[in-house]
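Only one structure is covered here, and it is reproduced in the block below.
Number of protein chains: 2
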Amino acid sequence: MSNQPSPFPSERHDHDACINAALAQAKAICAEQGGRLTPQRRQVLELVWQEHKPVGAYELLERLREAGVKAAPPTVYRALDFLLSHGLIHRIESLNAYTGCATPGIPHHGQFLVCSQCQHVAELDDSAIHHQLDASARELGFVVERQTVEIRGLCPLCRETDNE
Amino acid sequence: MSNQPSPFPSERHDHDACINAALAQAKAICAEQGGRLTPQRRQVLELVWQEHKPVGAYELLERLREAGVKAAPPTVYRALDFLLSHGLIHRIESLNAYTGCATPGIPHHGQFLVCSQCQHVAELDDSAIHHQLDASARELGFVVERQTVEIRGLCPLCRETDNE
DNA sequence: AATGAAATGTTATAATGTACCAATTATTTC
DNA sequence: GAAATAATTGGTACATTATAACATTTCATT
Chain U
1 MSNQPSPFPS ERHDHDACIN AALAQAKAIC AEQGGRLTPQ RRQVLELVWQ
51 EHKPVGAYEL LERLREAGVK AAPPTVYRAL DFLLSHGLIH RIESLNAYTG
101 CATPGIPHHG QFLVCSQCQH VAELDDSAIH HQLDASAREL GFVVERQTVE
151 IRGLCPLCRE TDNE
Chain Y
1 MSNQPSPFPS ERHDHDACIN AALAQAKAIC AEQGGRLTPQ RRQVLELVWQ
51 EHKPVGAYEL LERLREAGVK AAPPTVYRAL DFLLSHGLIH RIESLNAYTG
101 CATPGIPHHG QFLVCSQCQH VAELDDSAIH HQLDASAREL GFVVERQTVE
151 IRGLCPLCRE TDNE
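Respectively, the protein sequence lines represent chains U and Y. If you read the first sequence in our numbering, its first letter stands for residue 1, the second for the next number, and so on. If you read the second sequence in our numbering, its first letter stands for residue 1, the second for the next number, and so on.
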């Protein structure tokens, strides 16, 4: 029921293509939704997409500064808020960090597989899981607003190369 | 597949009984596992159980101080770490807060329904959900260490009394 | 009592996030 | 195009959450 090809990109996939695709989609989505993908927001999104790992807000801040931007914490948090509200990134609650959304467009909350060794994150958006949780909650009279599902463990690669 | 009677306790259930039961179980579990439920740890656990709402570490700190204990942040965090490691409380990641474990004994990670209005938390420990997540992850070659499932929404009570 | 391990006390600081208000830039309206 | 309005950004200060590091005390066992 998973609607993506391979949530764990290989180590040497064409990551520039990832970034470019994400930026292109972001541009399209913002145009559609009436959001303004300003240069600063775009730059933060690009920084988030540098790796398939969640990035902390202050790490982004540092990278912005390294890039010559005079930024303060609110600069980053504002950009993150914008990107979150347009479904372009997700926040990983268990890490206080942010990661690019694999299937942007409609704001949603996916399921995340977080490797405890290499920190890579894979997003699932598995509708079976979503519905299962929704059903279990409804059964108890609970109206679901938002699901946070984060799974920690070993990704396929780390599982092979290391056995701790 | 839920193995508990009613995860949302009524407004005027016998909460002293809840607290006493939790403390008694904690005592038994610590005895069994060789953990020392010192007076301070016990007191923090009791404070966590004051309500069926997650409590922040600094709120606990304040309550400890109100109770005449000279405490600093590490005091609280150490107690919380102990209680977490023995499966007596859970941390709600999306709230940076802690809540009593409904089914202590064996360390585990349940599913949590968090009411966005009254802040009450219900713990599920639904094995169907657990296995579903485990299966989805395994299918991708991911070895699960820990599941974080937190559902925000309206609890049955708030759903009735308020329609926002 | 002597020893080592576990728990606690204490200070300082790290890491994450927000409130607030001023200045600027973009968008709309006339 | 000029004025009014809204959205974005700049920047300071501060709030909240969490931990590092080291001294002291208490506990468990000889």
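Glycine is no exception: its CB is placed at the ideal position from the N, C-alpha and C atoms.
**OP:** For U:G87, decide whether its Cβ has a neighbour in chain Y, counting only Cβ atoms nearer than 8 Å.
**Re:** At a cut-off of 8 Å between C-beta atoms, U:G87 does not count as an interface residue with respect to chain Y.
Original post:
Can you tell me whether U:G110 is buried or exposed, with buried defined as 16 or more other CB within 10 angstroms of its CB?
Top reply: Around the beta carbon of U:G110, a 10 Å sphere encloses 16 or more other beta carbons of the protein chains shown; the residue is thus reported as buried.
**OP:** Sort U:G34, U:E160, U:I129 and U:I151 by Cα distance to U:S85 and report the nearest one.
**Re:** U:G34
Original post:
Quick one: is U:G153 near chain Y, going by C-beta distance under 8 Å?
Top reply: Yes, U:G153 counts as interfacial toward chain Y.
Original post:
Rounded to a whole number of angstroms, what is the C-alpha to C-alpha distance between Y:C18 and Y:W49?
Top reply: 8 Å
**OP:** Examine chain U for any beta-carbon lying closer than 8 Å to the beta-carbon of Y:D126, and answer yes or no.
**Re:** yes
Subject >> Min CB distance U:T103 to chain Y below 8 Å >> reply: no
**OP:** Take the Cβ of Y:G39 as the centre, count every other Cβ of all protein chains shown within 10 Å, and call the residue buried at 16 or more, exposed below.
**Re:** The question names Gly, yet the displayed sequence has Pro at residue 39 of chain Y. It is exposed - the Cβ of Y:P39 has fewer than 16 other Cβ atoms within 10 Å.
Original post:
Using a C-beta cutoff of 8 Å, does Y:P9 count as contacting chain U?
Top reply: Chain U contact via Cβ: absent.
**OP:** Look at the Cβ atom of Y:V55, then the Cβ atom of Y:A97, and state whether they are nearer than 8 Å.
**Re:** yes
**OP:** Tell me, to the nearest whole angstrom, how far the beta carbon of U:C115 is from that of U:C155; I am working on the premise that it is less than 8 Å.
**Re:** 4 Å
Subject >> Contacting positions in the region 127-151 of chain Y - beta carbon closer than 9 Å to chain U >> reply: A128, I129, Q132, L133, D134, S136, A137, E139, L140, G141, F142, V143, V144, E145, R146, Q147, T148, V149, E150 and I151
Original post:
Would you call the region 126-143 of chain U and the region 60-75 of chain U touching, i.e. three or more CB-CB distances under 8 Å?
Top reply: no
Original post:
Comparing the C-beta of U:K53 with each C-beta of chain Y, is any distance below 8 Å?
Top reply: no
**OP:** Taking Y:E93 as the query, report the chain U residues whose CB atoms sit under 8 Å from its CB, ordered along the chain.
**Re:** E93, S94, T148 and E150
**OP:** Could you check the C-alpha separation between U:R12 and U:R152 for me, to the nearest Å?
**Re:** Looking at the two C-alpha atoms, the distance is approximately 23 Å.
Subject >> Beta-carbon proximity check, Y:P25 vs Y:P107, cutoff 8 Å >> reply: The displayed chain sequence assigns Gln, not Pro, to residue 25 of chain Y. In this structure, the beta-carbon distance from Y:Q25 to Y:P107 does not fall below 8 Å.
**OP:** Let me know the secondary structure DSSP gives Y:Q4 once reduced to three states.
**Re:** Unreliable placement is indicated for Y:Q4, whose pLDDT of 49 sits below 50; the coordinate value is still reported in the next sentence. Coil, per DSSP.
Original post:
Got a sec: is the Cβ-Cβ distance from Y:L113 to anything in chain U below 8 Å?
Top reply: It does; some Cβ of chain U falls within 8 Å.
**OP:** Output the residue ranges of the beta strand (DSSP E) runs that lie fully inside the region 84-157 of chain U and measure 3 residues or longer, sorted by chain position.
**Re:** Within the region 84-157 of chain U, the complete beta strand (DSSP E) runs of at least 3 residues are 89-92, 97-100, 111-115, 121-123 and 143-154.
Subject >> Counterpart residues of U:V55 in DSSP-defined beta bridges >> reply: U:Y98.
Original post:
In or out: Y:E123 buried (at least 16 other Cβ within 10 Å) or exposed?
Top reply: Note on Y:E123: 16 or more other CB atoms within 10 angstroms of its CB, so buried under the neighbour-count rule.
Subject >> Euclidean distance between Cα positions of Y:T75 and Y:D14 >> reply: Just so you know, the alpha carbons of Y:T75 and Y:D14 end up roughly 30 Å apart.
Original post:
How would you call U:S10, buried or exposed, if buried means at least 16 neighbouring beta carbons within 10 angstroms?
Top reply: Around the beta carbon of U:S10, fewer than 16 other beta carbons sit within 10 angstroms, so the residue counts as exposed.
Original post:
Which residue's Cα is closest to the Cα of Y:E32: Y:G87, Y:V149 and Y:Q147?
Top reply: Y:G87
Original post:
Ordered along the chain, which non-local residues of its own chain (more than five positions away) have a Cβ less than 8 Å from that of U:R146?
Top reply: H109
Original post:
U:K27 to U:R36, Cα distance in whole Å?
Top reply: 9 Å
Original post:
For Y:R159, which residues in chain U fall below 9 Å Cβ to Cβ?
Top reply: G141, F142 and V143
Subject >> Terminal residues of the alpha helix (DSSP H) in which U:P165 lies >> reply: Chain U is shown only over 1 to 164; residue 165 of chain U falls outside these bounds and no answer can be derived.
Original post:
Do U:E51 and U:E93 have their C-beta atoms within less than 8 Å of each other?
Top reply: no
**OP:** For U:A71, collect the residues of the same chain with a Cβ closer than 7 Å to its Cβ; drop the 5 residues on either side in sequence, then sort them by chain order.
**Re:** L61, L64 and R65
Original post:
Do the CB positions of Y:L95 and U:L140 come within less than 8 Å of each other?
Top reply: no
Original post:
Taking just the CA atoms, how far does U:Y77 sit from U:D134?
Top reply: 30 Å
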